[in-house]
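Trainee:
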Amino acid sequence: MNTRMDRKKFLQLAVLSNLGLLLPSQKVAATTINALSFTQTFNTGNVTYFKKGEEGYEKLRKGFNKRINKYPQVIALCYNTDGVAEAMQYAIKNQLPVAIKSGGHCMEGFSCNNDGMVINLSLLNDVKWVSKSIIKVGPACILSALYNAILPKGKILPGGSCGSVGIGGLSLGGGYGLLSRQYGLACDSLLEVTMVDGKGNIINSAVDDDLLWACKGGGNGNFGAITEMKFKVHKAPALMKSFRFRAFKVNTGRAKDILKKWFELSDNLPPTSFSAYVLNGKTLYILLTSTEKNIAGIKFFIDGISALVDKTVVGKALPIATALKAYYGIQHPVYFKNASAGLYKKFEDIESYIADVMDIVTNTPGMIYQVNTLGGNIINNQFEKASAFPHRSYPYFSELQTYWDNEKQMPGLLNKFKDVQDIFIKNGINVQYRNYPDINFNNYNTLYYGNSYTKLQQIKNKYDPDNIISHEQSIKNA
Ligand SMILES: Cc1cc2nc3c(=O)[nH]c(=O)nc-3n(C[C@H](O)[C@H](O)[C@H](O)COP(=O)(O)OP(=O)(O)OC[C@H]3O[C@@H](n4cnc5c(N)ncnc54)[C@H](O)[C@@H]3O)c2cc1C
46 MNTRMDRKKF LQLAVLSNLG LLLPSQKVAA TTINALSFTQ TFNTGNVTYF KKGEEGYEKL
106 RKGFNKRINK YPQVIALCYN TDGVAEAMQY AIKNQLPVAI KSGGHCMEGF SCNNDGMVIN
166 LSLLNDVKWV SKSIIKVGPA CILSALYNAI LPKGKILPGG SCGSVGIGGL SLGGGYGLLS
226 RQYGLACDSL LEVTMVDGKG NIINSAVDDD LLWACKGGGN GNFGAITEMK FKVHKAPALM
286 KSFRFRAFKV NTGRAKDILK KWFELSDNLP PTSFSAYVLN GKTLYILLTS TEKNIAGIKF
346 FIDGISALVD KTVVGKALPI ATALKAYYGI QHPVYFKNAS AGLYKKFEDI ESYIADVMDI
406 VTNTPGMIYQ VNTLGGNIIN NQFEKASAFP HRSYPYFSEL QTYWDNEKQM PGLLNKFKDV
466 QDIFIKNGIN VQYRNYPDIN FNNYNTLYYG NSYTKLQQIK NKYDPDNIIS HEQSIKNA
């Protein structure tokens, strides 16, 4: 990826910006870029700079969350690592705070900023084979493209479920999904990164183990722009089965009873299974997946939950590539707020007050409270030592979601959202997942990073002493 823009990238870019602006004749020498005085989009060969208001800027600016709109002064669309270093030096010279964007799915829009520079990595999205079990990936490769590249060779990287999320942001913050209990978090398979730091230098983690450690759970927009990622890939399971359970018109009492049973049963699931409890207004949905041919090991769960719900759908065993596609979700930007609502060890952590949460959710159409299983091989001593991700002893991760079509619905839903989050905070929830940030978390660094925070601050001091790379909840210099 460290080459100048090739034809494929050029065509991708032309489609992206719908422009003929990037012709080689308009190339400007990098050394001449030292002020914000340019009036037209220009291309240095390694980067194209788009200024606010210009054609092409809008498409590059937008992220997946339509709720959030920010307007950087400059967007640097980079073609390679040298281009990222060039853009970082430009930002330093012009004192522009930098945000970094790969797949653009940050739930609070931290990959964009107002009046600074956004380093847009969307063209760094290749997947290359280094060996039969190692790949080199651009951070903006989206998960569906990644799975399409490796599953035909019988390999898998345990990423997330949504097909349009970028592997960059996902794995730098941890990265969990349907297969994490089997293989670990996405960051646990990360072997090496190339990064442009906040001083504009290109660094490889092979010379600094602490940098790799930090990028496994603490690397989102904090001390550098990761431009290449080397991952170990695993032998993919052949198939996946999905079991879906539904209960309709549930009230708080029933939702709580089923949640209690779900915790009890899910605690004994094998690592080859994942489950989610999803309370969507008054409809309750429980998902169970398994990559094992034989369901003997999960029969207790199927029987236990079936006895409590109104409908059980037993899915067929599907080839893994087909099965994963069912979870790719919406691929286009939507209005939403989604955030971590705490990691838990057991039902008793929330038992005394979860009815208050459910009262709001069951009476708010468009609001979802979801609990997902972590655990399995995520709880692994070696992975724990090798990564900044601090929450491995919590086998459950919960999230709160709201979606709307009409902007008028937004204030009401956001108020309800805050009411629910306040219940968790008031009751002492003090562990949250960085990849599901909430702008309203006050002591976010402790919530996201726990005991890893002090060491992450040292890495920040080393690679970005002047805090060039920042967003609303980035790691602060010590
Ligand atoms: C619809 C949807 C589904 C999701 N499903 C899952 C899931 O199943 N599992 C899961 O774990 N998470 C999931 N997430 C959360 C997801 O992991 C985070 O939003 C992730 O940060 C998105 O990465 P991105 O590259 O797409 O986003 P971006 O918005 O580009 O980046 C997100 C953050 O990472 C930083 N960043 C991005 N690239 C780099 C880089 N190259 N170098 C340094 N910093 C960088 C950004 O500055 C920003 O702070 C989901 C999110 C959405 C919106």
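Numbering of the sequence shown is given in my numbering, commencing with residue 46 and proceeding in unit increments. Quick reminder that beta carbons are idealized off the backbone N, C-alpha and C, glycines included.
In the structure shown, what three-state DSSP assignment does residue 489 receive?
Mentor: It is helical.
Trainee: Given a cut-off of 8 Å, decide if residue 166 and residue 219 are closer than it, judged by their beta-carbon atoms.
Mentor: Not closer than 8 Å, so no.
Trainee: Check the C-beta distance from residue 11 over to residue 272 and give it rounded, since I have them as a contact under 8 Å.
Mentor: It is not possible to answer for residue 11, since the shown part of the chain is limited to 46 through 523.
Trainee: Could you check whether the Cβ of residue 162 sits closer than 7 Å to any heavy atom belonging to ligand 1?
Mentor: Result no, Cβ not under 7 Å from ligand 1.
Trainee: Should residue 462 go down as buried or exposed, given a rule of 16 or more other Cβ atoms within 10 Å for buried?
Mentor: Flag for residue 462 reads buried.
Trainee: From this set, 466, 293 and 148, which residue's C-alpha is nearest residue 385's C-alpha?
Mentor: When each option's Cα is compared against that of residue 385, the closest is 466.
Trainee: Among all the DSSP beta bridges, which residues are the ones paired with residue 437?
Mentor: In the DSSP output, where bridge partners are listed per residue, residue 437 has none listed.
Trainee: Below 8 Å between beta carbons: does that hold for residue 520 and residue 267?
Mentor: Yes, these two residues count as a Cβ contact at 8 Å.
Trainee: Can you check whether the CB of residue 407 is closer than 8 Å to the CB of residue 327?
Mentor: In this structure, residue 407 lies closer than 8 Å to residue 327 by Cβ.
Trainee: In this structure, how does DSSP classify residue 395 when only helix, strand and coil are distinguished?
Mentor: If DSSP states are grouped into helix, strand and coil, residue 395 belongs with coil.
Trainee: Using a Cβ-Cβ cutoff of less than 6 Å, which residues in the same chain neighbour residue 356 once the five nearest sequence positions on both sides are dropped?
Mentor: If we look at residue 356 and ignore the five residues flanking it on each side, its Cβ neighbours are 291.
Trainee: Could you tell me if residue 510 is buried or exposed, where buried requires 16 or more neighbouring beta carbons within 10 angstroms of its beta carbon?
Mentor: The residue is exposed, with fewer than 16 neighbouring Cβ atoms inside 10 Å.
Trainee: Mark residue 364 as exposed unless 16 or more other C-beta atoms lie within 10 angstroms of its C-beta, in which case mark it buried.
Mentor: Flag for residue 364 reads exposed.
Trainee: Determine the closest residue to residue 451 out of 358, 380, 211 and 184, with distance taken between C-alpha atoms.
Mentor: Closest option to residue 451, Cα to Cα, is 380.
Trainee: So if DSSP puts residue 330 in a beta bridge, which residue, or which two residues, is it bridged to?
Mentor: Partner(s): 291 and 323.
Trainee: Taking all protein chains shown into account, decide if residue 526 is buried (16 or more other Cβ within 10 angstroms of its Cβ) or exposed.
Mentor: Since the first residue of the chain shown is 46 and the last is 523, residue 526 is not available in this structure.
Trainee: Taking the beta strand (DSSP E) that residue 41 falls in, what are its first and last residues?
Mentor: Look at the range of the chain in this structure, 46 to 523, and you will see that residue 41 is not part of it.
Trainee: What does the Cβ neighbour count give for residue 477, buried or exposed, with the cut at 16 atoms within 10 Å?
Mentor: Burial call: buried.
Trainee: How about residue 141 and residue 92: do their beta carbons lie closer than 8 Å?
Mentor: Cβ distance not < 8 Å, so residue 141 and residue 92 don't count as in contact.
Trainee: Of the choices 211, 143 and 202, whose alpha-carbon is the least far from that of residue 170?
Mentor: It is 211.
Trainee: Quick one: give me the first and last residue of the alpha helix (DSSP H) that residue 471 is part of.
Mentor: Here the alpha helix (DSSP H) through residue 471 covers 455 to 471.
Trainee: Straight-line CA distance for residue 87 to residue 99?
Mentor: In a straight line, the C-alpha of residue 87 is about 11 Å away from that of residue 99.
Trainee: Pull up the CB-CB distance for residue 433 and residue 259, whole angstroms please, since I reckon it's below 8 Å.
Mentor: 5 Å between Cβ atoms; contact.
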